[in-house]
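To start, the structure itself, in structure tokens.
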Amino acid sequence: RLTTPRKLVDSSAWTASVPATHKRKFEIADGVRLTTPGKLPEEWLTDAEVPGHYVIMGGGKTGMDVGVWLMNMGVEASNISWVRPRETWMINRASTQPGSKFASNSVGWQLEQVRIAATATSGDEIFLHLERHGHMIRLDQSRLPSKFHYPTISQGEVDLLRQIEHVITIGRVNLIESGMMHGLEGDAEVPADSLFIDCTATATKRSTVSPIWEGDRITLGILSLPLVCLSASVAGFIEATFDTDEEKNALAIPIQMTDTPADYPQAMLSNAMNRMLWAGNPAITNFLNTSRLDPAQRMKNAMADVNENIQHDAGQIRPATIAAIPNLKKLVAETKTVA
């Protein structure tokens, strides 16, 4: 008789919240028109009067996508208001593209992170350095972002979004009435014929992490932030290849999602530690060498078609990462002390 072991896979910590199904944290008065991004095209397909103004609720990636979509559909930027309680840092899409054509950008993105991490005194300093090198972007250069959830965006999209000049900064909105929004930090008037677009769902949240393997339970976690699919595939490979929970957990450090720039050194440190653990294990190394989900492998494959300067810079990433670890540990310890 064949006995098959069974385990519960718990992925609840990474359940996504989306505008179509989440519970709003603000109230709306009678007569206020509110929709979600997925239903926005229906405004052009019904008999309802076309809105004279649009209000994007939320400063995250969904709000950015809605802003770009509205302007591509012909809505003037002057007819859009944007509620952004917090400014966010965004990754320049050109820095994350695969292949030899973008290798200079992708190598530079990795190298500049660890170079500045060796001397930075804060997460803000890391982001400002990456901005100077073209890898990080913020919409409003007069405001220092306090949020980072790994959004990726192109410069063309940013150029469009910067045309939206009516940015509302009244904190989190708790009530919308006709022509008026009430927030935690003030009120703001908007046209009475506005359509409000709810982009306030949080796809990811920063929560505590626990060991992935505990008896008959596997609690999924991110092992290479923000690469969810790669993390899941590595966890699956470890589960199928190694025997004890102790062995498995020693090869997979779960990483907390970032919320603010201050959280980024912890993410960098944990990413680096996992990569070093995997590099020291022949079985995981062989698995990653054939993985289409691993951007590091795609970068290696592109090196044959790039010039010597890019190859040289790529060769500096590993020693620069090792050199950055002591300071990253210091930044993480300081953040925990403040918290």
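Positions in the sequence shown are counted from 1; adding 185 to them yields the working numbering. Cβ atoms here follow ideal geometry from the backbone N, Cα and C, with glycine treated the same way.
For the pair ASN474 and SER409, the CB atoms are not nearer than the 8 Å cut-off. The three-state reading of DSSP puts TRP199 in helix, counting H, G and I together.
Contact between MET453 and LEU412 is ruled out by a C-beta separation of about 14 Å, above the 8 Å threshold. Counting C-beta pairs closer than 8 Å gives fewer than three between the stretch 363-376 and the stretch 419-432, which falls short of the contact rule. Looking at the DSSP output, VAL343 sits in no beta bridge, so it has no partner there. The way I'd put it, the stretch 321-332 doesn't touch the stretch 459-467; fewer than three beta-carbon pairs between them come closer than 8 Å. Cβ-Cβ distances below 6 Å link LEU405 to SER196 in the same chain, with the five nearest sequence neighbours on each side left out; the list follows chain order. In its chain, beyond the 5 residues on either side, SER202, VAL203, PRO204, HIS207 have a beta carbon closer than 6 Å to the beta carbon of ALA386. Within the model, the alpha-carbon separation for ALA303 versus ALA505 is close to 8 Å. For ALA373, the enclosing beta strand (DSSP E) begins and ends at 371-374. Three or more beta-carbon pairs separated by less than 8 Å link the stretch 277-294 to the stretch 334-351, which places the two stretches in contact. Between the stretch 383-400 and the stretch 436-449, the count of C-beta pairs closer than 8 Å reaches three or more; the two stretches touch. DSSP assignment within the stretch 209-259 yields the following whole beta strand (DSSP E) runs of 3 residues or more, N-terminal first: 218-220, 238-242. Under a 10 Å Cβ-count criterion, PRO336 is classified as buried, with 16 or more other Cβ atoms of the shown protein chains found around its own Cβ. Inside the stretch 275-305, DSSP marks whole beta strand (DSSP E) runs of 3 or more residues at positions 275-277, from first to last along the chain. The three-state reading of DSSP puts PHE427 in coil, since its state is none of H, G, I, E or B. Around the Cβ of TRP229, a 10 Å sphere holds fewer than 16 other Cβ atoms; the residue is exposed.
Cβ contact annotation for SER476 (same chain, cutoff 8 Å, sequence separation greater than five): LEU415, SER418, GLN482, in chain order. Distances from the CA of PHE333 to each of LYS210, VAL299, ARG391 were compared; the closest alpha carbon is that of ARG391.
With respect to GLU350, ALA262 sits close: the two C-beta atoms are nearer than 8 Å.
With 16 or more other Cβ atoms from the protein chains shown falling within 10 Å of its own Cβ, ALA288 counts as buried. DSSP, reduced to helix, strand and coil, places LEU415 within a helical segment of the structure shown.
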